[in-house]
Amino acid sequence: MKIKLINPNTTSRMTDLMAVCARGIAAPGTEIVAATSSMGPPSIESWYDESLALPGLLAEVAAGEREGVDGYVIACFGDPGLFAARELARGPVVGIAEAAMHAASVVAPGFSVVTTLSRTTGMAWHLAERYGMKRFCRNVRAIDVAVLDLDQPGSGARRLITDECRRALEEDAADAIVLGCAGMADLGRAIEDAIGAPVVEGVTAALKWTEALVALGLATAKRGEYARPLPKRYDGPLADFSPRDAA
Ligand code: 2AL
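This is the structure in structure tokens:
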């Protein structure tokens with residue numbers, strides 16, 4: 001099966017990191033097509049970033065449909081454009097926050113999210129609410145390291161995340177951790193070993209969930225809300241995004 005992993009920000013080194021982690025856990029026979037958005041913000045850490053990341057993300061989904069992709073992972077913790085992507089895609093589309101929160105709610109009675117900047121904690125709470133995960137989500141914590149600083153040696157991100165995870169276990173009555181950024185894709189196992197509790201990382205969780213849905217033969221429902229967008233002509237710079245009848 002062919003699964004497209006879309007990084008909706010334009011930073012290809014982040015895509016490369018996620019692709020290595022996804023390929024490391026993919027089943028034999030799963031081809032991972034990793035794509036970096038060609039337009040928009042280099043990192044997504046505000047509602048504004050998220051809104052302007054959507055055209056680039058949706059262009060990758062549209063291209064995926066032409067490339068015969070079986071399923072998609074939206075690899076940013078805000079799950080940007082998840083429902084719009086489902087309107088375009090035949091196969092399943094899974095967001096990394098969606099996958100990680102659901103997985104954490106199975107392996108523990110409650111989890112805390114550890115994310116990047118404090119200003120994005122409200123975005124994570126919105127997702128928990130949207131997915132019915134609020135009753136499992138004990139807290140959303142931030143380390144106040146920007147997305148693009150996570151892999152910079154001087155940021156101390158790994159230690160800060162590990163310390164914040166320990167505090168979450170002690171102070172939030174959380175028994176599992178959800179890592180709140182795709183740029184943390186390589187940190188799950190090491191932090192789990194350090195804190196002695198389940199750590200759910202979204203890129204890998206979403207990849208395995210997408211694989212499972214494709215293997216089950218499940219596609220996105222096309223009779224209602226997730227049907228293709230109605231054909232119409234868009235104006236201005238977004239004219240190329242005008243929805244057309246399916247080929
Ligand atoms: C993210 C993420 O996963 N990718 C990105 O650009 N921003 N999430 C976050 N909480 O900052």
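Heads up: the sequence shown begins at 1 in this note's numbering, then just goes up one per residue.
Don't be surprised by glycine CBs; every beta carbon is placed ideally from N, CA and C.
Cβ-Cβ distance between residue i and residue j below 7 Å
{"i": "THR10", "j": "SER37", "result": "yes"}
{"i": "SER180", "j": "THR115", "result": "Per the sequence shown, the amino acid found at residue 180 is Gly instead of Ser. Yes. Within cutoff."}
{"i": "GLY81", "j": "THR210", "result": "no"}
{"i": "LEU17", "j": "ASP186", "result": "yes"}
{"i": "ALA182", "j": "ALA75", "result": "yes"}
{"i": "ALA85", "j": "ALA205", "result": "no"}
{"i": "ALA100", "j": "VAL200", "result": "yes"}
{"i": "SER155", "j": "VAL145", "result": "yes"}
{"i": "GLY202", "j": "ILE32", "result": "no"}
{"i": "TYR131", "j": "GLU87", "result": "no"}
{"i": "MET14", "j": "ASN7", "result": "yes"}
{"i": "ALA59", "j": "PRO41", "result": "no"}
{"i": "GLU34", "j": "ALA19", "result": "Note that residue 34 corresponds to Ala in the displayed sequence, not to Glu. Taking 7 Å as the Cβ cut-off, ALA34 and ALA19 qualify as a contacting pair."}
{"i": "PRO55", "j": "LEU213", "result": "no"}
{"i": "VAL113", "j": "VAL94", "result": "no"}
{"i": "ALA231", "j": "ARG244", "result": "Before going on, a small fix: residue 231 reads as Pro here, not Ala. Against a cut-off of 7 Å, the Cβ pair of ARG244 and PRO231 comes out as a contact."}
{"i": "SER242", "j": "ARG228", "result": "no"}
{"i": "PHE136", "j": "SER105", "result": "yes"}
{"i": "LEU117", "j": "GLU164", "result": "no"}
For residue i, the first and last residue of its enclosing beta strand (DSSP E)
{"i": "VAL140", "result": "137-142"}
{"i": "ALA35", "result": "31-36"}
{"i": "ALA176", "result": "176-180"}
{"i": "GLY188", "result": "Careful: GLY188 lies outside any beta strand (DSSP E), inside the alpha helix (DSSP H) at 188-195."}
{"i": "VAL113", "result": "111-115"}
Any C-beta of chain C under 7 Å from that of residue i
{"i": "GLY29", "result": "Annotation note: the requested chain C is absent from the structure, which comprises a single protein chain."}
N-terminal and C-terminal residue of the alpha helix (DSSP H) that residue i is part of
{"i": "GLY132", "result": "Note, GLY132: premise wrong, no alpha helix (DSSP H); not H, not E."}
{"i": "ILE74", "result": "ILE74 -> not in any alpha helix (DSSP H); beta strand (DSSP E) instead, spanning 71-74."}
{"i": "LYS4", "result": "Segment 2-7 is the beta strand (DSSP E) holding LYS4; no alpha helix (DSSP H) there."}
{"i": "LEU169", "result": "157-171"}
{"i": "VAL61", "result": "47-66"}
{"i": "ALA85", "result": "82-88"}
{"i": "SER249", "result": "Residue coverage of the chain in this structure runs from 1 to 247, which leaves residue 249 outside it and unanswerable."}
{"i": "GLU211", "result": "202-215"}
{"i": "SER43", "result": "Here SER43 belongs to no alpha helix (DSSP H), and DSSP marks it neither H nor E."}
{"i": "VAL106", "result": "96-107"}
Closer than 6 Å: residue i CB and nearest the ligand 2AL heavy atom
{"i": "ALA35", "result": "no"}
{"i": "SER43", "result": "yes"}
{"i": "THR9", "result": "A quick correction: the sequence has Asn, not Thr, at residue 9. Indeed, a heavy atom of the ligand 2AL lies less than 6 Å from the Cβ."}
{"i": "GLY122", "result": "no"}
{"i": "GLY180", "result": "yes"}
{"i": "CYS76", "result": "yes"}
{"i": "VAL147", "result": "yes"}
{"i": "THR204", "result": "no"}
{"i": "THR116", "result": "yes"}
Segment contact, 8 Å Cβ cut-off, at least three pairs: the segment 171-190 with the segment 104-115: yes
Does the count of Cβ pairs from the segment 210-217 and the segment 181-193 closer than 8 Å reach three? no
Contact between the segment 135-146 and the segment 165-172: three or more CB pairs below 8 Å? yes
Could you check whether the segment 124-135 touches the segment 26-33, counting it as contact only if at least three pairs of C-beta atoms, one from each stretch, sit closer than 8 Å? no
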